[in-house]
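What follows is a short report on a single structure.
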Amino acid sequence: MTTGYQIVVCGGIVPDPLQTLDPVANPAGPTIKNEMMLPAVLDPWAAHALYEAAHLAKATPGSKVWLVSLGPKAKLQQVMMTVAQKVPFELVALDGQAGGFTDTYEVAALLAGAIQAIPGLDRSRLLVFGGWESASRGAGATLQMVGERLHVLDQFQGVDRLAIAADGSFQILERIEGGRHQVSTCAGPPAVLGWATGSLPEPPNNSQVGMANMRTVMPALHRAKPAKVGAEGVTFARVSLPSQRRDTRIVKDLPVGEIAREIVAWITGA
Amino acid sequence: METLLFLAHVESDGSLATQAREALGAAREMADALSGAPLHVGVVGRDVAAAAGSIAGCGAARFLGVAGADFSQPRYASDAAAAEALCKAAAATVVIAPATSRWCRVLPGVAQRVGGRVDTHVTGISADGGAPSVTRWYYRQRMEATLTRAHRPWIIVLDPGCGAPWKGEAGAATVEVVPVKLSETCRRTTVTGVQAPPADQQTIRPDAGLLFVAGAGWTKTQPDGKVHAAEAAELILEFLRKAQASLGGSKSLVDLTGEGQAVLPFMTHLNQIGQTGATPRHPKGLSACCHGEEPHVVGWRFISERRAINLDPNCGWARGKADVLYVADAFAVLRRVNALLGEK
Chain C
1 MTTGYQIVVC GGIVPDPLQT LDPVANPAGP TIKNEMMLPA VLDPWAAHAL
51 YEAAHLAKAT PGSKVWLVSL GPKAKLQQVM MTVAQKVPFE LVALDGQAGG
101 FTDTYEVAAL LAGAIQAIPG LDRSRLLVFG GWESASRGAG ATLQMVGERL
151 HVLDQFQGVD RLAIAADGSF QILERIEGGR HQVSTCAGPP AVLGWATGSL
201 PEPPNNSQVG MANMRTVMPA LHRAKPAKVG AEGVTFARVS LPSQRRDTRI
251 VKDLPVGEIA REIVAWITGA
Chain U
1001 METLLFLAHV ESDGSLATQA REALGAAREM ADALSGAPLH VGVVGRDVAA
1051 AAGSIAGCGA ARFLGVAGAD FSQPRYASDA AAAEALCKAA AATVVIAPAT
1101 SRWCRVLPGV AQRVGGRVDT HVTGISADGG APSVTRWYYR QRMEATLTRA
1151 HRPWIIVLDP GCGAPWKGEA GAATVEVVPV KLSETCRRTT VTGVQAPPAD
1201 QQTIRPDAGL LFVAGAGWTK TQPDGKVHAA EAAELILEFL RKAQASLGGS
1251 KSLVDLTGEG QAVLPFMTHL NQIGQTGATP RHPKGLSACC HGEEPHVVGW
1301 RFISERRAIN LDPNCGWARG KADVLYVADA FAVLRRVNAL LGEK
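In the order they appear, the protein sequences are chains C and U. Throughout the first sequence, residue numbering follows my numbering, covering 1 to 270 in sequence. Throughout the second sequence, residue numbering follows my numbering, covering 1001 to 1344 in sequence.
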């Protein structure tokens, strides 16, 4: 019996955070203007989950990491050129819409189906990782639904640390209110972990890892099946950018003492 | 006709949190707006009687409860089973719950179980036109949408601070106990405690009137050619203590700390505000030594009054993102501010 983990990371792609985003209305629902033209990145918290997965797999012989990603094939290929340089994984690609206005229920169904279809996956050693919220929909809902579809009853969100004890049980730290962490122990896999930032920095690019990954990434992209995803039953009455733009008062050449007095009066409401 | 369920869990002291009362206020308003649609209350916890009694006057048609030691801890398996049972017992078409970490962990999974749909981080609920609709943000607070759903049940998870807490008479509520039997597979996880910094090092205060955000500039070379990270840490901690402010950080500063550079030892990823951090709610926010770039400022979406201190008059804050930008040395300003606050 293997003691390694079968770690499946669910990670979507999102527009680069530095890009300006404008919503536009389409017959099928709202979308982002020129979305296909915008540079994309792996969803930031999902990226943390991927790095944590690779770290755990490296520390636990016999483990393997898959990255399940839903997005337009061309965009996935662009993002994988960068992501594949970071850590070893096998890509499972789904060719479909990646925007924030799709519904978690439909996305979860596709992701869970893709996980169930991974050949030889040992569900008793399964860890489903992902970001606790995406940078697009930001719902923090997809992973729980994926877990339910896979009948995984041990789920954790906002995870910053996963420690494995000698007996194979986990200690997990989840973010809760007030800058605190809830500490839990779990008997072991299977489990779903929605990662927050974790504790690992972004790994440097490694060309050898990149070459090894690309041997499976490109075939996976070729194999990617078209995945229909939308938001059935949802009607968007309005999608708009915040109109709030402040009339900034720029205070220059004011003595420090005056600035301090003004700030204190503002803070204290004096 | 919609059937509404307000779903809450009790706190460790047996009470309902303010956040739960906010969600109850929204549920009550929606029930009234939907021509008297029945409102049910569902509560989960070790003992739910006191919590149900505290909202006895909310006009609920039924008070339902899942209680017992198994339901005292915020654990996915037991909470999901309890919430699922309550949704089914109430035959709810619309479920309104507060976005506590406990419910955020579990309610999307519950939606899956009951064949429903879920909207989280909802910032507004209305029933204009006789149908429920919600408002929420997309792309990390960069665009706002109002939407309705045809599918039922619909679980709506309301963010904190988005409505007035329900106020009304307490009393004795008759709670119908909904039985939930947990299998052993639901007990594989045990919550063992909460990890928090010592009280004198706690820098995150969700109820504070002021958010103070430190940027990476605090760790950069100052006009004397030296880095003054230790002094920056002292100034910031003193300010937080005197102003009773909550501390946020820009990603660049938080990342520096995470990379092992001893810059601001109390700054962690939990303090991070912005695209990949938190979006807290405070009446006022003061930024210092941060450039106010868009990925950071999206985390300020729910800060009403904004001021910034920066040496660069052309920084992001000057471009309509702050009400006031002080072009000054933050070290000098904060030193004086601390002195003035000390005199009060």
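Each residue gets a CB set at the ideal place from its N, CA and C atoms; glycine is no exception.
Below the 9 angstroms Cβ cutoff, chain C contributes no neighbours of U:M1030, its closest Cβ being approximately 16 angstroms away. Look at the segment 173-219 of chain C and you find these whole runs of beta strand (DSSP E), each 3 residues long or longer: 180-186, 191-195. Within the same chain, and ignoring the five residues on either side of U:A1020 in sequence, the residues whose Cβ sits closer than 7 angstroms to its Cβ are A1008, P1098.
As computed with DSSP, U:T1190 is found in a beta bridge with C:T185. Closest in alpha carbon position to C:L143, among C:D95, C:Q6, C:G12, is C:G12. Cβ-Cβ distances below 7 angstroms link U:Q1201 to F1266 in the same chain, with the five nearest sequence neighbours on each side left out; the list follows chain order. The beta-bridge partner set that DSSP reports for C:E90 consists of C:W66.
Non-local C-beta neighbours of C:G138 in its own chain, meaning closer than 8 angstroms and more than five positions away in sequence, comprise G100, ordered along the chain. In this structure, the alpha-carbon of C:R125 lies about 55 angstroms from that of U:N1338. Scanning chain U for C-beta atoms nearer than 7 angstroms to the C-beta of C:G257 yields R1336, reported in chain order. Distances from the alpha-carbon of U:A1322 to those of U:G1292, U:G1299, U:A1332 put U:G1292 closest. By the CB criterion at 8 angstroms, U:A1090 and U:L1182 fall outside the cutoff. Along the segment 24-51 of chain C, the positions whose C-beta sits under 9 angstroms from a C-beta of chain U are P30, I32, P44, W45, H48, read in chain order. Annotation for U:C1087: L1005, V1095, V1110, V1114, P1153 place their beta carbon closer than 7 angstroms to its own, counting only its chain and skipping 5 residues before and after. Of all alpha-carbon atoms in C:G257, C:D247, C:M211, C:H222, the one lying nearest the alpha-carbon of C:K86 is that of C:M211. Pairing U:A1056 with U:K1167, the inter-Cα distance amounts to about 11 angstroms. In chain order, R1142, M1143, E1144 make up the part of chain U whose C-beta sits under 9 angstroms from the C-beta of C:L241. From the listed residues C:G178, C:Q78, C:L94, C:L18, the smallest Cα separation to U:P1197 is found for C:G178. Apart from sequence neighbours up to five positions away, the residues of its chain that approach U:T1018 with a beta-carbon distance below 6 angstroms are P1165, ordered along the chain.
A direct Cα-to-Cα measurement between U:G1209 and C:R215 gives close to 54 angstroms. Looking at U:R1188, U:A1092, U:W1103, U:R1307, the one whose alpha-carbon comes closest to that of C:T248 is U:R1307.
For U:N1310, the pairing in a beta bridge is given by DSSP as U:V1327. In the structure shown, C:K252 falls within a coil segment according to DSSP collapsed to helix, strand and coil.
DSSP places U:G1130 within a helical segment (H, G or I) once states are collapsed to three. Using a CB distance below 7 angstroms, the part of the segment 1204-1222 of chain U facing chain C consists of I1204, P1206, L1210, ordered along the chain. Taking all protein chains in view, the Cβ of U:H1269 is crowded by 16 or more other Cβ atoms within 10 Å, so the residue is classified as buried.
Under the DSSP assignment, C:V107 falls in the alpha helix (DSSP H) whose first and last residues are 104-116. For C:T185, the C-beta contacts it makes with chain U under 8 angstroms involve T1189, T1190, T1192, in order along the chain. Neighbours of C:I164 in chain U, taken as residues whose beta carbon is under 7 angstroms from its own, are absent, since the nearest beta carbon is some 15 angstroms off. Within the segment 1107-1159 of chain U, no run of alpha helix (DSSP H) at least 4 residues long lies entirely inside it. Contact between the segment 1021-1036 of chain U and the segment 1045-1062 of chain U is present: 3 or more CB-CB pairs across the two stretches fall below 8 angstroms. The residue from U:D1119, U:V1175, U:S1126, U:R1142 with its alpha-carbon nearest to that of U:L1064 is U:V1175.
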